[in-house]
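Take a look at the structure set out below.
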Amino acid sequence: MSPVLVLDNLSFGWPGAPRGVLDIRSLSLAAGENLFLRGPSGCGKSTLLSAIAGMVNVGPGQIRVAGVDVGMLKGGARDRFRVEHIGMIFQVFNLVPWMSALDNVQLPCRFSAARRARAGGDPGAEAHRLLSALHLPEAAHRAPARTLSIGQQQRVAAARALIGAPELILADEPTSALDEDAKAAFADLLAAECAAAGAALLFVSHDRGLEGRFDRALDFRDLNRWIAP
Amino acid sequence: MIGVALGSLWNRRFVAALTMASIALSVALILGVERLRTEARDSFANSASGIDLIVAARGNPVQILMATVFGVGSAGPGISRDTYEMVAARPEVAWAVPMQMGDNHRGFPVIGTTDAYFTRLRHSGGQPLVFAQGVPFEEGDAAGAVVGAEVAARFGYAPGTVIVNAHGAGAVAFDVHEDAPFTITGVLERTGTAVDRMVLVSLAGFDALHAARGPVAADPFDDPLAGSGLAAPGAGEPAMPGGLAVEDDATPEGHGGHPVDHVPEAEAAQDADHAQDVDHAHEADLSAAEDHEHDPDHDMATDHAHDVSPAAGGSEGQADHGDHDHDDPEHDDHDGHDHDDHGHGAEDVPDAHAGHEHTPDLLNAVYVGLADRGAVLGLQRAFSEYRGEAISAVLPNVALLELWSITGTAETALQLMAWAVALAGITGMVVMLSATLEARRREFAILRSVGATPARVFALILIEAAVLTLGGLALGSLLLTVATLLADPILSARFGMRIGAGLAGRGELAMMGAILLAGLAAALLPALRVYRMTLADGLSPRM
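These protein sequences, in sequence, are chains A and B. Each residue of the first sequence is one higher than the one before, starting from 3 at the first, in the working numbering. Each residue of the second sequence is one higher than the one before, starting from 14 at the first, in the working numbering.
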């Protein structure tokens with residue numbers, strides 16, 4: 003089975019910046035594998051995730067997700083590609099505040115027929131199932147997202163990333179707003195659900211305490227030569 | 014996408030509702046101004062459409078048209094019946110209908126004419142006048158009247174109803190011709206023109222009303238008689254055929270003495286407040302002496318008599334009353350404008366008016382229909398050169414154009430105001446959309462992370478603007494319909510004009526389309542900002 007994510011001599015610098023941000027020789031993530039990427043803030047982790055998600059321009063041949071060269075995609079095609087193959091979880095503010103948890107989870111299905119189809123044709127039921135699997139109380143399913151606690155919001159975000167089974171889940175410091183107990187519980191839940199969905203997980207965090215809960219752990223500074231001393 | 018847009022708007026429903034309401038107001042205003050303008054023009058044009066020429070005493074064509082066709086303003090001095098004969102005798106003239114005006118019936122113009130009015134006049138593109146009930150009054154019948162649909166509907170008149178008229182054109186009658194009642198012989202079908210609010214009587218009937226005066230200036234304040242306070246005796250009473258038969262001495266309280274003698278105590282105090290001298294006394298007397306036959310108008314008539322009646326009592330009043338003492342037969346013809354003659358039934362007119370200046374032959378206008386419309390300009394010139402009397406022949410359509418050119422400026426100003434309000438409404442929408450953009454950056458970033466392209470986010474803003482504008486259009490139309498339904502009876506009563514709650518015409522649809530486009534165009538501004546924002550923010554907006 004071909005890897006879900008392949009980085010090959012990835013280099014990126016913000017336009018106009020004196021020096022680059024990313025210079026990664028290689029990285030590969032197999033289907034269903036989960037990887038913990040450790041590193042302090044400001045080291046370019048978020049930029050890497052943006053590059054993988056096709057939010058920043060990288061040259062051709064440097065990033066392949068599910069066999070597709072992200073650098074070759076243009077504009078709208080990148081947005082469509084992203085929603086079809088990638089689920090994303092941010093640090094905070096993952097949800098459209100006025101939408102209910104269920105509606106937030108179903109958002110990718112609104113924009114992607116592929117995700118909708120993989121969700122079994124009934125995104126509502128699938129969203130409900132995922133939210134329950136992630137231990138969101140039934141009462142919170144229909145409440146506007148802004149009324150949920152941070153921990154609940156992150157679980158809703160996880161459900162949204164998972165719905166319709168994308169090949170790759172990108173999690174950018176998803177636990178940084180949670181307390182210690184919740185962090186471990188959330189990381190476990192997320193890893194378990196990704197495994198259940200067959201999705202590869204790239205979990206980026208500065209929190210070493212979570213390292214042991216993943217198949218593999220890497221230090222971003224070892225990976226990215228710009229940071230390396 | 015529409016679901017997201019609607020949800021987002023619902024999330025901001027208070028501000029969204031306000032925005033929509035402001036757009037709705039401007040829509041109602043724009044469409045209302047337009048509808049009023051076109052309906053007014055249609056209604057006016059329809060009213061005058063069947064008349065080829067209006068012959069009246071020389072004057073401003075617009076004024077003549079307004080006064081004769083719509084009963085608005087002063088009809089000016091009269092023209093003689095000889096002139097009418099001359100007009101009618103012209104070979105080019107197919108029909109000529111004489112018109113007398115200047116009186117009103119509870120605010121509705123009373124027109125003296127012949128039954129040719131009903132057979133000849135056309136309205137709204139050639140439709141004849143149709144009787145909903147009854148028949149035209151008979152030629153020479155001084156007591157018959159035909160009322161327009163609005164008049165009939167307003168007061169519940171039907172053939173057989175007895176009505177009285179007041180002098181002057183105002184809704185507030187100062188001088189009521191209670192002595193000359195009319196019996197309604199027919200009610201006209203609704204036409205949507207000025208005819209709906211007319212009370213039509215025969216020339217003889219109109220003359221009977223005006224036996225004591227010359228042609229009426231149609232303005233109570235212009236009338237030298239209006240302030241004379243002589244309305245009282247007749248005004249207090251409905252027409253009584255036997256009125257004159259009651260001799261002074263025969264009345265219980267007697268009329269021989271001065272009015273002051275008759276002032277009931279209750280009224281004395283009230284009278285003291287009157288600035289003018291006068292005559293309630295007589296009312297009271299007559300009321301006591303005679304049998305009231307109240308018709309529906311009577312109460313109003315009495316009120317008016319009170320209003321105008323110069324103060325009774327007061328020694329200084331006595332001298333005045335000496336001149337005007339009404340019910341005394343001796344005074345009947347002692348002065349030209351003695352209202353007392355109105356106290357006589359119509360059949361008494363010939364006797365009672367001996368020595369009066371009134372010339373019943375005077376008409377206010379003549380409607381002319383031509384056998385061949387091509388002759389209209391030649392005939393107009395011929396009339397203006399007529400040596401018998403200074404007359405004008407007005408082409409209604411030309412006068413209407415002149416009227417529209419006068420009102421055009423005001424119309425344009427109104428339209429500009431309406432569009433300015435629309436601009437304010439749309440600006441409000443742009444402000445609302447723009448003001449929330451910052452707060453929604455995260456929302457847009459999330460939408461992008463789940464696959465929304467910047468174009469779709471751009472479209473989201475446009476959809477929101479479209480929803481707000483369309484909502485405003487729908488709400489505005491609804492508002493206008495409600496306002497129209499409320500205003501319809503008023504416009505109908507005042508101007509014989511019916512707006513109706515009809516569906517939007519093509520012109521209105523075009524305007525609504527223009528408002529929608531303006532809304533979308535204005536929303537491009539915030540939409541473009543969002544587009545740039547989403548591109549720049551990527552997935553991690555700085556919050």
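Yeah, the Cβ is synthetic: ideal placement off N, Cα and C, and Gly gets one too.
query, result
"Name the chain A residues that come within less than 7 Å of G20 of chain B, Cβ to Cβ?", "W100 and M101"
"Along the alpha helix (DSSP H) that carries V389 of chain B, what are the first and last residues, could you check?", "V389 to S397"
"So the alpha helix (DSSP H) Q93 of chain A belongs to, where does it begin and stop?", "From DSSP, Q93 of chain A is part of no alpha helix (DSSP H); its letter is neither H nor E."
"Cβ atoms of G46 of chain A and P62 of chain A: under 9 Å apart, would you say?", "no"
"Anything in chain B within Cβ reach of V60 of chain A, meaning under 7 Å, just list it in chain order.", "Within 7 Å Cβ-Cβ: nothing; V60 of chain A doesn't reach chain B, min ~13 Å."
"Could you compute how far the alpha carbon of S4 of chain A sits from the alpha carbon of N36 of chain A?", "15 Å"
"Measure from the C-beta of V463 of chain B to each C-beta in chain A and report whether the shortest distance is under 9 Å.", "yes"
"Pick helix, strand or coil for S93 of chain B, following the three-state DSSP scheme.", "coil"
"Looking at chain A, is there any beta carbon in it that lies within less than 9 Å of the beta carbon of P467 of chain B?", "yes"
"Would you list, in chain order, the members of the region 428-462 of chain B that have their beta-carbon closer than 8 Å to a beta-carbon of chain A?", "R455, E456, I459, L460, R461 and S462"
"Distance cutoff 9 Å, beta carbons only. Does G16 of chain B sit that close to anything in chain A?", "yes"
"Three-state secondary structure (DSSP) at A141 of chain A?", "helix"
"Starting from N24 of chain B, find everything on chain A with Cβ-Cβ shorter than 7 Å and list it in chain order.", "W100"
"List, in order along the chain, the chain B residues whose C-beta lies closer than 9 Å to that of S114 of chain A?", "V463 and G464"
"Taking the alpha helix (DSSP H) that Q108 of chain A falls in, what are its first and last residues?", "A103 to F113"
"Going along the region 18-51 of chain A in order, which residues come within less than 7 Å of chain B, judged by CB to CB distance?", "S48"
"Along chain B, in chain order, which residues have C-beta atoms closer than 7 Å to that of P110 of chain A?", "V463 and G464"
"How should A423 of chain B be labelled, buried or exposed, when 16 other C-beta atoms within 10 angstroms of its C-beta is the threshold for buried?", "exposed"
"Taking the beta carbon of P17 of chain A as the centre, do at least 16 other beta carbons fall within 10 Å, making it buried, or is it exposed?", "exposed"
"Could you tell me whether the region 483-494 of chain B touches the region 42-49 of chain B, where touching means 3 or more Cβ pairs closer than 8 Å?", "yes"
"DSSP on Q64 of chain A, reduced to helix/strand/coil?", "coil"
"Can you check DSSP and say which residues form a bridge with S30 of chain A?", "A:V8"
"Does L414 of chain B come within less than 9 Å of chain A when only Cβ atoms are used?", "no"
"For N24 of chain B, write down the residues that DSSP places opposite it in a beta bridge.", "According to DSSP, which records beta bridges pairwise, N24 of chain B is partnered with nothing at all."
"Give the straight-line distance between the Cα atoms of L376 of chain B and R48 of chain B, rounded to the nearest whole angstrom.", "36 Å"
"Report buried or exposed for K185 of chain A, applying the criterion of at least 16 other Cβ atoms within 10 angstroms of its Cβ.", "buried"
"9 Å is my cut-off, CB to CB: does A55 of chain A come that close to chain B?", "yes"
"Kindly indicate if chain B contains any beta-carbon less than 9 Å away from that of D124 of chain A.", "no"
"Kindly indicate which three-state DSSP category R218 of chain A falls into: helix, strand or coil?", "strand"
"Between the Cα of D220 of chain B and those of B:P90, B:A426, B:D154 and B:P409, spot the shortest distance and give me the residue it belongs to.", "B:D154"
"Taking DSSP as the reference, what is the three-state secondary structure of W16 of chain A?", "coil"
"List the endpoints of the continuous beta strand (DSSP E) containing V160 of chain B.", "G157 to V160"
"Anyone know if the C-beta pair for P409 of chain B and D65 of chain B falls short of 9 Å?", "yes"
"Would you give the residue range spanned by the alpha helix (DSSP H) that M445 of chain B belongs to?", "P409 to S462"
"Could you check the C-alpha separation between N11 of chain A and G89 of chain A for me, to the nearest Å?", "24 Å"
"Using 9 Å as the limit for Cβ to Cβ distance, is V67 of chain A near chain B?", "no"
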